[in-house]
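Engineer: Sequential numbering from -13 applies to the sequence shown in the working numbering. Below: one structure in structure tokens.
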Amino acid sequence: FGPLPEPAEKLIEMVKIKKLASKLYIKQVKIHKQRMSLVFDEKATAKDVFIEKELPRYINQTMTKLEFSQTDQLKAVVTLKGNNQLDRISFAKYFLRNL
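So, in structure tokens, the structure goes:
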């Protein structure tokens, strides 16, 4: 049938990203332009295993710029690399796979 249309390809990639994120205590993922926002699950952030093992992996990564903020929830904003939206979506998936 030919290659997938770009919107369909983006949708499939976002589903993959959200599946990866759910394994990393992330309950919400949003990608807008060059930034990916991650919202961590409150139950996970209350656990020692998250604080001791998972959080340091984010802090110590060297793939890209990462900023944390905490209001009512722990959030991280990742700067995505790439020349277009599909490249940035691919980088987001790469980032989550390699933490």
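For each residue, glycine too, the CB sits at the ideal point set by N, CA and C. Source: prediction; values computed, not measured.
Among the residues of its own chain, which have a CB less than 6 Å from the CB of L(-7), if the five just before and after it don't count?
Structural biologist: According to the sequence displayed, residue -7 carries Pro and not Leu. Excluding positions up to five away in sequence, the list is empty.
Engineer: Would you mind listing the alpha helix (DSSP H) stretches within the segment 27 to 73 that are 4+ residues and don't spill past its ends, in chain order?
Structural biologist: As far as the segment 27 to 73 is concerned, its whole alpha helix (DSSP H) runs of at least 4 residues are 28 to 31 and 41 to 46.
Engineer: Does the separation of the CB atoms of K16 and K79 fall below 8 Å?
Structural biologist: no
Engineer: Could you give the distance in angstroms between the alpha-carbon of K(-4) and the alpha-carbon of L10?
Structural biologist: Their backbone Cα atoms lie some 21 Å apart in a straight line.
Engineer: In three-state terms, what does DSSP make of L6?
Structural biologist: helix
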